[in-house]
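Novice: Protein chains in written order, with my numbering: chain C, 24 to 298; chain G, 32 to 194. Where is the CB? At the ideal position from N, CA and C, for every residue including glycine. As the structure is a computational prediction, the values presented were derived from the model and not from experiment.
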Amino acid sequence: MNRDRGNREWLNDYMSLKQVNPENPFTVPEGYFDSLNEQVLSKIKVEELKKSIPETGFTIPSNYFEELSGNIQARVNVEEALDKGTAAFTVPEGYFDELTGNIQARISIEKAADKETAGFAVPEGYFESLAGQIESRVFVEDALSETGSFTVPAGYFNDLTENILNKTTLEKKEQKGVIIRMFSSAAFKYASAACLVLALGATLLLNRSSSPVEEHNNSFLHKSLSSISVDDIQSYLQTHLDNDNDNRTLLDESKQIDANNLSRDLQEALDTTSQ
Amino acid sequence: MYKSGRHIFIVLLLLVIGYQSFGQLRPVIRRPPNFQQRVIKQQQISRVEAVKEKYIARRLSLTTEQSARFWPIYRRYRDALTAVRAKKHANDLQPDGTEQINNELFYESELVNIRKFYTDEFLKVLPPEKVSEMFKAEKEFTNELIRQLRERQAVGSNSAPPS
């Protein structure tokens, strides 16, 4: 009782003591000492492990990275194979439903097979008489072959080449060439005929309209003079050309006409008359 | 026999004498040596002249009144030119010399004078355009004649075609 009172008094005496928290600040977590032993042991183990690891740290085996991709690929392949292996062991659908029937059928087949193997029995004394039988068979076949069913005619191989050549070459000669019609369609014929007519017509039309010679020949004067004979024209020109020296060659009928000479003379005559 | 033969001889003699005396009575017409050729030539020229007149008429397209006045003048003009040309051609056959040269020049000047004279005559009956057209038509007619002659000769001789 006194002690409590004394404590309270101290507080009044010393103001600084009032500011201090009266609760004990040093507390232990709950269950601390229960797990303390394990914690200490584990800490020791960790320390030991740390000491066991060399200071250089993690070392890499030699050629680790060179073989790494190969190792990874191999590992992947192995895992894939394992996956497949697991997948490969599949049971066909309805396997167990038909299993009893299949087993029963297999048993019956094997039984039948056992019976058949028992059926192949060698007759008694078979091998003793085998050689005699074979010889007799050979003799019989020889006797049959003497009839000569497979015989070659005389001189067959001498004429063989010629016969083959005759057959092959003659057949080739007799072969007729394949005729393929170029204009198989009737429409094509009519179209080509129409094109030809059009081309001819266009040519005639163009020539008639564009050629000055045709135009000249169709003129009034040309038509009128076409009824006049060469002698008439010559007589007229002989008396009606002012300078007849230049036209002597032109008007001389008996003279052989030189094309160059004639054209020159005509040009001169035209020049004279147009002056 | 003898008498009958004498009669026949006399009859034949009379016949021969009579035929000869009758032939003597036919009138003798003296013609130039190339008279027949001249006639033929004149006919040939006339045929060409007919075509020429048709062509000129077509080119000028004259009225009836103009035709009536124009064609007589044109024919006189044509005859005058033809006459001078004939003399000019005859002069070409003359021997060379001063006279031949002077005649040549004279005939050429005559041709020009005739054209001048008849041009005035034509102008009295036709407008100048038609007179000019008439001279052009004459030239073209002559050119066409030369062209036709050339073509026909080229065809007849199978030589090179006309250019």
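Under 9 Å between the Cβ atoms of Tyr-259(C) and Leu-176(G)?
Specialist: Position 236 of the first sequence, counted from the start, is the residue given in the question as residue 259(C). Position 145 of the second sequence, counted from the start, is the residue given in the question as residue 176(G). In contact: Tyr-259(C) and Leu-176(G) (Cβ atoms closer than 9 Å).
Novice: I'd like to know whether the C-beta atoms of Arg-146(G) and Ile-251(C) end up nearer to each other than 9 Å.
Specialist: As a position in the second sequence, residue 146(G) is number 115, starting the count at 1. As a position in the first sequence, residue 251(C) is number 228, starting the count at 1. Their beta carbons are not under 9 Å apart, which means Arg-146(G) does not touch Ile-251(C) by this criterion.
Novice: If we ignore side chains and look at the alpha-carbon of each, how far apart do Arg-28(C) and Asn-35(C) end up?
Specialist: Working through the first sequence from its first residue, we reach residue 28(C) at position 5. Working through the first sequence from its first residue, we reach residue 35(C) at position 12. When rounded, the distance between both Cα atoms is 11 Å.
Novice: Assuming Val-82(G) and Ser-242(C) are in contact, meaning their beta carbons sit under 8 Å apart, how far apart are those beta carbons, in whole angstroms?
Specialist: As a first step, residue 82(G) must be located in the second sequence, where it is residue number 51. As a first step, residue 242(C) must be located in the first sequence, where it is residue number 219. Wrong, their Cβ atoms sit about 13 Å apart, outside the cutoff.
Novice: Kindly indicate the opening and closing residues of the alpha helix (DSSP H) around Thr-95(G).
Specialist: In the second sequence, counting from the first residue as 1, residue 95(G) sits at position 64. Unbroken alpha helix (DSSP H) run through Thr-95(G): 95–123.
Novice: Val-115(G) and Glu-80(G) - do their beta-carbons sit closer together than 9 Å?
Specialist: The residue labelled residue 80(G) in the question sits at position 49 within the second sequence. The residue labelled residue 115(G) in the question sits at position 84 within the second sequence. No, Cβ-Cβ distance for Glu-80(G) and Val-115(G) is not below 9 Å.
Novice: Taking Tyr-259(C) as the query, report the chain G residues whose CB atoms sit under 8 Å from its CB, ordered along the chain.
Specialist: As a working mapping, residue 259(C) is identified with position 236 in the first sequence. Within chain G, the residues near Tyr-259(C) are Gln-75, Ile-76, Val-79, Glu-80, Leu-176.
Novice: With burial defined as no fewer than 16 other Cβ atoms inside 10 Å of the residue's Cβ, what is the status of Gly-224(C): buried or exposed?
Specialist: What you label residue 224(C) is simply residue 201 of the first sequence in a count that begins at 1. Classification of Gly-224(C): exposed, given that the 10 Å Cβ count is below 16.
Novice: Cutting at 8 Å between CB atoms, please list the residues of its own chain near Gln-179(G), excluding the five before and the five after it.
Specialist: By 1-based counting over the second sequence, the position of residue 179(G) is 148. So the list is empty, once near-sequence residues are dropped.
Novice: Find the residues of chain C that neighbour Tyr-86(G), judging by a C-beta separation of less than 8 Å, and give them in chain order.
Specialist: As a working note, residue 86(G) is residue 55 in the second sequence. Neighbours of Tyr-86(G) on chain C, chain order: Phe-243, Leu-244, Ser-247.
Novice: Please look up how many angstroms separate the CB atoms of Gln-75(G) and Asp-254(C), rounded, as I've assumed it's under 8 Å.
Specialist: Taking the first residue of the second sequence as position 1, residue 75(G) is located at position 44. Taking the first residue of the first sequence as position 1, residue 254(C) is located at position 231. Contact flag correct, Cβ pair sits at about 6 Å.
Novice: Of all Cβ atoms in chain G, is any one closer than 9 Å to the Cβ of Thr-192(C)?
Specialist: In the first sequence, residue 192(C) corresponds to position 169, counting from 1. Answer no: the Cβ-Cβ gap between Thr-192(C) and chain G never drops below 9 Å.
Novice: Find the residues of chain C that neighbour Arg-69(G), judging by a C-beta separation of less than 9 Å, and give them in chain order.
Specialist: The residue labelled residue 69(G) in the question sits at position 38 within the second sequence. What Arg-69(G) touches in chain C: nothing, since even the nearest Cβ is about 10 Å away.
Novice: Quick one: complete alpha helix (DSSP H) runs, 4+ long, within the segment 101–131 of chain C?
Specialist: Listed in chain order, nothing qualifies, since the segment 101–131 of chain C has no complete alpha helix (DSSP H) run of 4 or more residues.
Novice: Name the chain G residues that come within less than 8 Å of Val-220(C), Cβ to Cβ?
Specialist: As a position in the first sequence, residue 220(C) is number 197, starting the count at 1. Those do not exist, as Val-220(C) stays about 29 Å from chain G at its closest Cβ, beyond 8 Å.
Novice: Rounded to whole angstroms, what is the Cα-Cα separation between Leu-157(G) and Lys-119(G)?
Specialist: Here residue 157(G) refers to the residue found at position 126 when the second sequence is read from its first residue. Here residue 119(G) refers to the residue found at position 88 when the second sequence is read from its first residue. The straight-line gap from Cα to Cα measures roughly 30 Å.
Novice: Does DSSP put Gly-178(C) in a helix, a strand or coil?
Specialist: Here residue 178(C) refers to the residue found at position 155 of the first sequence. If DSSP states are grouped into helix, strand and coil, Gly-178(C) belongs with coil.
Novice: Short check: CB of Asn-122(G) to CB of Tyr-138(G), under 9 Å?
Specialist: By 1-based counting over the second sequence, the position of residue 122(G) is 91. By 1-based counting over the second sequence, the position of residue 138(G) is 107. In this structure, Tyr-138(G) lies closer than 9 Å to Asn-122(G) by Cβ.
Novice: Is Ala-88(G) helix, strand or coil by DSSP?
Specialist: Against the second sequence, residue 88(G) aligns to sequence position 57. Three-state result, Ala-88(G): helix.
Novice: Would you say the beta carbon of Gln-184(G) is closer than 8 Å to some non-hydrogen atom of the ligand ADP?
Specialist: The model on display carries no ligand, and the ligand ADP is accordingly not part of it.
Novice: Between His-120(G) and chain C, is any beta-carbon pair separated by less than 9 Å?
Specialist: The residue labelled residue 120(G) in the question sits at position 89 within the second sequence. Interface residue, yes.
Novice: Could you compute how far the alpha carbon of Val-63(C) sits from the alpha carbon of Asp-106(C)?
Specialist: In the first sequence, counting from the first residue as 1, residue 63(C) sits at position 40. In the first sequence, counting from the first residue as 1, residue 106(C) sits at position 83. Answer to the nearest angstrom: the Cα atoms are 46 Å apart.
Novice: How many angstroms separate the CA atom of Ala-154(C) from the CA atom of Leu-167(C)?
Specialist: In the first sequence, the residue the question calls residue 154(C) occupies position 131. In the first sequence, the residue the question calls residue 167(C) occupies position 144. Whole-angstrom Cα-Cα distance: 20 Å.
Novice: Counting only runs of 4+ residues fully inside the segment 117–172 of chain G, write out the alpha helix (DSSP H) ranges in chain order.
Specialist: Segments of the alpha helix (DSSP H) lying fully in the segment 117–172 of chain G: 129–156.
Novice: What whole-angstrom Cβ distance do Val-162(G) and Phe-153(G) have, given they're in contact under 8 Å?
Specialist: The residue given as residue 162(G) occupies position 131 in the second sequence. The residue given as residue 153(G) occupies position 122 in the second sequence. At roughly 5 Å, the Cβ-Cβ gap stays under 8 Å, so Val-162(G) and Phe-153(G) are in contact.
Novice: Between which two residues does the alpha helix (DSSP H) containing Ala-154(C) stretch?
Specialist: Numbered from 1 along the first sequence, position 131 holds the residue referred to as residue 154(C). Its alpha helix (DSSP H) spans residues 149–168.
Novice: Return helix, strand or coil for Asn-94(C), following the three-state DSSP convention.
Specialist: By 1-based counting over the first sequence, the position of residue 94(C) is 71. Helix.
Novice: May I ask which residues mark the beginning and end of the alpha helix (DSSP H) holding Glu-61(C)?
Specialist: Along the first sequence, one-based indexing puts residue 61(C) at 38. Note, Glu-61(C): alpha helix (DSSP H), 55–75.
Novice: Exposed or buried, Phe-180(C), counting other C-beta atoms within 10 Å across all chains shown (16 or more means buried)?
Specialist: As a working note, residue 180(C) is residue 157 in the first sequence. Its Cβ having fewer than 16 others within 10 Å, Phe-180(C) is exposed.
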